[in-house]
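Asker: Numbering (numbering that gives the first Met the number 0), first residue to last: 0 to 109. Even for Gly, the Cβ is constructed at its ideal location relative to N, Cα and C. The structure's right below; bear with me while I get my questions together.
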Amino acid sequence: MRFSQALERISGTVVTGDPESLEVSQGITCDLLSEVMSHNGKADLWITVQSHSNIVAVALIVGVKAIILANGRDYNADTVQKARDENVLLVKSPLGGFELSGIFYEMLQG
């Protein structure tokens with residue numbers, strides 16, 4: 000599934016990156032960085048409420064290509080700059096993690 004297909008459904012706002020080029024087949028919803036790291040290579044998409052710059056570093060380590068910040072939160076400036084530098088897609092959504100997970104799960108099931 001192309002990530003861009005979900006943007007409207009999640010009321011997503013792109014902060015950095017290009018959603019058109021991203022294909023999603025797996026995701027993780029988690030706020031604990033070590034748990035995300037234990038899913039190395041198993042997720043294209045990460046839904047979280049963490050907004051600090053360490054999320055970009057973790058995404059790079061595990062191969063996550065897009066991070067969605069849930070609950071209407073905002074990324075800090077350091078995170079945005081690091082994501083731009085490393086070509087990580089950052090999106091924010093007013094929806095909660097549970098709802099976002101459900102939308103992506105439904106879309107991936109076709």
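When we look at the beta-carbon of TYR104 and count the other beta-carbons within 10 Å, is it buried (16 or more) or exposed?
Answerer: The residue given as residue 104 occupies position 105 in the sequence shown. Per the 10 Å Cβ criterion, exposed.
Asker: Let me check one thing: in DSSP terms, what residues is LEU68 bridge-paired to?
Answerer: Residue numbering aside, residue 68 sits at position 69 when the sequence shown is read from its first letter. In DSSP, LEU68 forms a bridge with THR47, LYS91.
Asker: The beta strand (DSSP E) that contains ILE60, what's its start and end?
Answerer: Position 61 of the sequence shown, counting from 1, holds the residue named residue 60. Taken as a continuous stretch (DSSP letters only), ILE60 belongs to no beta strand (DSSP E), being part of the alpha helix (DSSP H) at 53-61.
Asker: From MET106, GLN108, GLU85, ILE9, pick the residue whose C-alpha is nearest to that of VAL63; which is it?
Answerer: Start at 1 with the first residue of the sequence shown, and residue 63 comes out as number 64. It is GLU85 whose Cα lies nearest to the Cα of VAL63.
Asker: Taking the alpha carbon of ARG83 as the reference point, which residue from LEU94, PHE97, ILE66, ASN70 has its own alpha carbon closest?
Answerer: On the sequence shown, residue 83 is found 84 positions in, with the first residue counted as 1. Nearest C-alpha to ARG83: ILE66.
Asker: Give the DSSP-derived three-state secondary structure of GLY40 in the structure shown.
Answerer: Position 41 of the sequence shown, counted from the first residue, corresponds to residue 40. Reduced to three states, the DSSP call for GLY40 is coil.
Asker: When DSSP builds the beta bridges, which residues end up paired with VAL13?
Answerer: Position 14 of the sequence shown, counted from the start, is the residue given in the question as residue 13. In the DSSP output, where bridge partners are listed per residue, VAL13 has VAL90.
Asker: Closest to GLU22 by CA distance: which of VAL79, VAL35, MET0 is it?
Answerer: Residue mapping note: residue 22 aligns to position 23 of the sequence shown, counting from 1. Minimum Cα distance to GLU22 is reached at MET0.
Asker: By alpha-carbon positions, which one of SER3, PRO93, ILE54, LEU68 ends up nearest to SER33?
Answerer: For this step, residue 33 is matched to residue 34 along the sequence shown. It is ILE54 whose Cα lies nearest to the Cα of SER33.
Asker: Short of 8 Å in beta carbon distance, which residues of its chain neighbour ASP17, apart from the five on each side in sequence? Order them along the chain.
Answerer: Within the sequence shown, numbered from 1, the residue matching residue 17 stands at position 18. Within the same chain, ASP17 has close Cβ partners LEU88.
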